[in-house]
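Heads up: the structure comes next, in structure tokens.
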Amino acid sequence: LHMLRVLMLDLRTMNEDPFTDMMRDFYTQYRGKQASTEDFRRVVERHVGGNMKWFFDQWVNGAAIPKYRVAYRSEQVDGGKYRMTLRVEQQDVPEDFRVFIPVSVDLGDDRWARLRVEVRGSTSEIDLPLMPFEPKGIKFNDLEGVLAEAKMVKWRE
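Just so you know, this note's numbering puts 54 at position 71 of the sequence shown, and the rest follows in order with no gaps.
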């Protein structure tokens, strides 16, 4: 449930009303009745507006727990903004395993840019949106939003 909560969380405002509304809907619909995992999935899909079979296949019916090795680099580009690139190695999961991981970029002076990145396959290089300030670091898998192990490593060309 925590992973769904973080997946549905508005990272800009940290508003979790969509998750709360979904859980309330499920409770109201199935209060006093027997509900299956598929019943729950249908309620989740109605609230997220898309097919969540992949999520339930991986996290409810599957047993794989990913391990990540994460590196990043940043460079100043035209206009004084900063481009940040993540390199994420995903291990111990099937090749078609996909996940949306919360990442927080430390912009200094208690300023954070929060976003989600999609990781698929064994290695992903992900360009983040341009940042207005020089990044000081990142929190990969912020909020422990995904059941996983993550290790930060140095960027190697």
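Built from N, CA and C at the ideal position, the CB exists for glycine as well.
*Mind the definition here: the stretch 0 to 17 touches the stretch 92 to 109 only if three or more C-beta pairs lie below 8 Å; say whether that holds.*
At 8 Å Cβ cutoff, the stretches do not touch.
*Between the C-alpha atoms of glycine 63 and proline 115, what's the straight-line distance to the nearest angstrom?*
7 Å
*Look at the Cβ atom of alanine 46, then the Cβ atom of phenylalanine 80, and state whether they are nearer than 8 Å.*
no
*With tryptophan 42 as the anchor, note down where its alpha helix (DSSP H) starts and where it stops.*
36 to 42
*asked:* Under 8 Å, with one C-beta from each stretch per pair, do the stretch 73 to 90 and the stretch 118 to 129 reach the 3-pair mark?
replied: By the criterion of at least three beta-carbon pairs nearer than 8 Å, the stretch 73 to 90 is in contact with the stretch 118 to 129.
*Spell out whether any CB of chain B is found under 8 Å from the CB atom of glycine 91.*
Among the chains in the structure shown there is no chain B, since it carries only a single protein chain.
*May I ask you to report which of helix, strand or coil DSSP gives valine 26?*
Here valine 26 sits in helix by DSSP.
*Would you say the stretch 30 to 43 touches the stretch 101 to 121, given that touching needs at least three Cβ pairs under 8 Å?*
no
*Roughly how many angstroms separate the alpha carbons of threonine 20 and aspartate 4, rounded to a whole number?*
18 Å
*Return the chain-ordered list of same chain residues with a C-beta closer than 6 Å to the C-beta of lysine 50, the five sequence neighbours on each side being excluded.*
Gln74, Asp75 and Glu132
_When Val53, Val27 and Phe23 are compared against serine 107, the one with the closest alpha-carbon_ = Closest by alpha carbon: Val53.
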